[in-house]
Amino acid sequence: MTDFSDPRFHPTIRPRRLRTTAQVRNLVAETRLAPAEMVLPIFLVEGAKDPKEISSLPGIFQHSENSYKEAVCEAYEAGVGAIMPFGVPLKKDAVGSGAVDPEGVLAQAVRLAKEACPEMVVIADLCLDEFTDHGHCGLLDEDGNVDNDETLKQYAKMGLALAAAGSDFLGASGMMDGQIGALRAALDQDGYRRTGLLAYAAKYASAFFGPFREAVQSSLKGDRKAYQQDPANSREALREITLDVEEGADIVMVKPALAYLDIVAAARQLVDVPVSAYVVSGEYAMIEGAAASGAFDRKRVILEALTSVKRAGAGIIANYWATEVAGWLKEA
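Numbering (our numbering), first residue to last: 1 to 332.
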């Protein structure tokens with residue numbers, strides 16, 4: 001017969017005391033989300049008259065100029081820390097000419113954001129993929145391979161155009177070797193020493209980017225495995241992060257986030273610059289799709305997912321819920 005007087009049935013150490021009420025749980029919470037840590041990716045379409053919902057990203061829009069400015073102001077008023085604009089051009093070519101055009105859609109997105117809300121931090125995406133007719137992130141050589149060093153020259157021109165437009169940071173997302181060093185040199189030589197660099201230091205060749213391709217009307221055929229990170233590798237990602245910091249990165253990013261929390265945690269241990277992570281389009285669509293089917297509570301899962309990214313070590317989180325989540329956090 002079980003002896004319920006046995007001390008093992010009456011533990012002295014009771015961790016549940018710290019979970020008894022919402023107030024106690026809040027008091028001892030180890031990880032907290034804040035609106036200022038959120039970054040909102042946002043899409044401006046050249047020549048668009050009205051916003052258009054992206055079919056694979058329910059609730060996310062390709063914006064016209066007017067709706068874009070409204071979305072920027074809404075994010076700022078909610079307390080979102082920064083926006084990350086992407087431009088969708090009307091015309092593309094082999095070298096991504098629109099990316100380096102001071103009057104191009106992405107430079108215009110930066111200027112419109114600063115006009116609508118001067119204090120909003122703008123992290124302009126710096127990559128050629130939206131602007132090339134082949135959809136790759138760089139210039140192609142005669143064999144059809146991405147030419148790393150020729151691409152760096154185009155990145156430098158693009159960086160200068162975006163800095164001149166008013167970008168606070170450049171989100172260098174192309175995964176070219178030496179891109180941070182090349183951009184830092186170009187910016188410094190032209191007097192843009194205050195323009196920061198957010199390095200997509202560990203950007204994986206991920207299937208989770210699928211809906212983003214629709215959002216920017218990508219022309220890509222094939223894949224980007226020759227320059228983005230192999231999902232099988234972690235040590236290689238840490239080497240990339242180290243190199244970007246040595247070249248002058250002010251912030252490093254891991255992308256995607258939810259599928260690569262181990263890399264986020266390792267990056268936080270490795271470097272002393274801010275670490276960011278991007279909850280990408282496929283991760284967003286996966287949660288939204290499951291929530292729409294009634295599989296779980298949408299708000300709880302979104303907050304849980306973002307908390308996991310923060311707990312892993314990311315102090316900055318790019319995500320498509322940023323404005324909505326900032327509102328929830330302010331209410332709380």
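Glycine residues also receive a C-beta, built at the ideal position from the N, C-alpha and C atoms. Note that the structure is a prediction, hence the values are computed from the model and not measured.
{"Check": "Rounded to a whole number of angstroms, what is the C-alpha to C-alpha distance between V95 and A322?", "Outcome": "33 Å"}
{"Check": "At 4 residues or longer, what runs of the alpha helix (DSSP H) sit wholly inside the stretch 1-76?", "Outcome": "22-28"}
{"Check": "Compute the beta-carbon to beta-carbon distance between L183 and L198, rounded to the nearest angstrom, for a pair I have assumed lies under 8 Å.", "Outcome": "Contact doesn't hold; Cβ gap of about 11 Å is too wide."}
{"Check": "Compare the beta carbon distance of G135 and S218 with 8 Å and say whether it is the shorter of the two.", "Outcome": "yes"}
{"Check": "May I ask you to verify whether the stretch 61-73 touches the stretch 6-23, counting CB pairs closer than 8 Å and requiring at least 3?", "Outcome": "no"}
{"Check": "Beta strand (DSSP E) containing Y227: first to last residue?", "Outcome": "Segment: none, Y227 is in no beta strand (DSSP E) and carries neither H nor E."}
{"Check": "How close, in whole Å, do the beta carbons of V122 and A113 come, if the pair is a contact with beta carbons under 8 Å?", "Outcome": "5 Å"}
{"Check": "Would you grab the beta carbon distance between Y200 and M175 for me? Rounded to a whole angstrom, and I think it's under 8 Å.", "Outcome": "7 Å"}
{"Check": "In the structure shown, what three-state DSSP assignment does A277 receive?", "Outcome": "strand"}
{"Check": "Between the stretch 222-235 and the stretch 294-301, do three or more beta carbon pairs fall short of 8 Å?", "Outcome": "no"}
{"Check": "Give the DSSP-derived three-state secondary structure of L128 in the structure shown.", "Outcome": "coil"}
{"Check": "Look at the Cβ atom of A48, then the Cβ atom of P85, and state whether they are nearer than 8 Å.", "Outcome": "no"}
{"Check": "Could you please give the first and the last residue of the uninterrupted alpha helix (DSSP H) stretch that includes P211?", "Outcome": "G210 to A215"}
{"Check": "Please determine if the stretch 148-159 and the stretch 244-256 are in contact, where contact requires at least 3 C-beta pairs separated by less than 8 Å.", "Outcome": "no"}
{"Check": "Beta-carbon within less than 7 Å of I241's beta-carbon, same chain only, minus the 5 sequence neighbours each way: which residues are those?", "Outcome": "A201, A202, V252, A267, L270 and V271"}
{"Check": "Tell me whether the stretch 29-36 and the stretch 68-83 touch, counting them as touching only if at least three CB pairs, one residue from each stretch, are closer than 8 Å.", "Outcome": "yes"}
{"Check": "At what residue ranges does the stretch 242-266 contain a whole run of the beta strand (DSSP E), taking only runs of 3 or more?", "Outcome": "251-255"}
{"Check": "Nearest by alpha-carbon distance to A124: which of R111, T132 and P118 is it?", "Outcome": "R111"}
{"Check": "CA-CA distance, L90 and V105?", "Outcome": "9 Å"}
{"Check": "How many whole angstroms separate the CB atoms of L44 and V88, which I take to be in contact at a CB cut-off of 8 Å?", "Outcome": "7 Å"}
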